[in-house]
Amino acid sequence: MKNKFKTILTLGLIFISLITINAQKQKMENTALLIIDVQNDYFPGGKMTLERAEQAGENTRKILEYFRKNNLTIIHIKHVSTNEGATFFLADTDGAKINQLVLPKEDEKIITKHFPNSFRETDLMDYLQSNKIKNLVITGMMTDVCVEATTRAAFDFGFSNTIIGDATATRNRELNGEVVKAAEVQRSFLAGISALGSLYARVINTNEFLSK
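Written as C-alpha cells, this is what we have:
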C-alpha cells in the first residue's frame, strides 16, 4: 500500500512538472524580444554617449543569444532622427547603425521609428499580433525615454512586459540647473515603471532571466 502511494505521488509530481514545463514553453512561444535603439551613437565615440552603454549592450547580446537559441521572436527597433536640428541618429550615418554587439540576422525583424514610442507610426503592433505575441522582454536605450515610452504604450495595448534592467542605459540629466546622475535616473525609472506590483513592467537582471 505504501509503495502504491509513493508511485501515485511520484506520477502526480511528474504530471505537475510536465504541465508547468508546457505552460512555460507556451508562454515563451508567445514572447518576443524587443531591442530598442542599441545604435552606435550611444556608444563611446558616438554623438550621444550613454553611461554603461557597453555593459547594457553586452547584456542585450546575451538575451539575444537566448532568444536565437530557442527560436523565439526577435524585433530590432532602430531610431532615425527626422527632427530639424537633430544631432544624432541621422539617416545614412554610422551613428544610426545598429551596434555590432546585436547586429540583426537576415531573418530578424527590423523596425525603423521616428518617435520615442516604438508603436507610433510603425508596423510593430501588426507584427506582434500576426505572431500571436502577448509578452515582451524589453532591452535597450535610453532607459527613461524610448524604453519608457514603448513599455508604457505596450502596457496600454495589453502586453505583459519584462524589462531587463541591466540591459538598458541612459545618461546624466539636468533639472533646475542641477545634474541628475545617470545611475540615479536609471534607478528611479526602473523603480517607477515596476511600482504598484510591477504594473507597467516586471524588472529583472540578465542573470535572473537566463537562469529561469
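Mapping of the sequence shown onto UniProt numbering: residues 1 to 212, in sequence order.
Glycine is no exception: its CB is placed at the ideal position from the N, C-alpha and C atoms.
- Shortest Cα-Cα distance from R202 to any of A182, L175, T151, R173 involves T151.
- Residue pairing for K181: DSSP places it in no beta bridge.
- Counting C-beta atoms within 10 angstroms of its own C-beta, T168 has 16 or more neighbours from the protein chains shown and is therefore classed as buried.
- Ranked by how close their Cα comes to the Cα of L190, the residues F67, V147, S81 have V147 in first place.
- DSSP, reduced to helix, strand and coil, places E174 within a strand of the structure shown.
- The three-state secondary structure of K97, taken from DSSP, is coil.
- The criterion of a C-beta distance shorter than 8 Å is not satisfied by A183 and R171.
- Contact annotation, I163 with K109: C-beta distance approximately 20 Å; criterion of less than 8 Å not satisfied.
- For G165, the enclosing beta strand (DSSP E) stretches over residues 160-169.
- Linking V80 to L90 through their CA atoms gives a straight-line distance of about 6 Å.
- The continuous beta strand (DSSP E) containing I111 extends over residues 109-113.
- Boundaries of the alpha helix (DSSP H) around I63: 53-69.
- DSSP lists T162 as the bridge partner or partners of R202.
- Here G177 is exposed: its Cβ has fewer than 16 other Cβ atoms, across all protein chains shown, within 10 Å.
- In the DSSP assignment, I138 is bridged to L34, I163.
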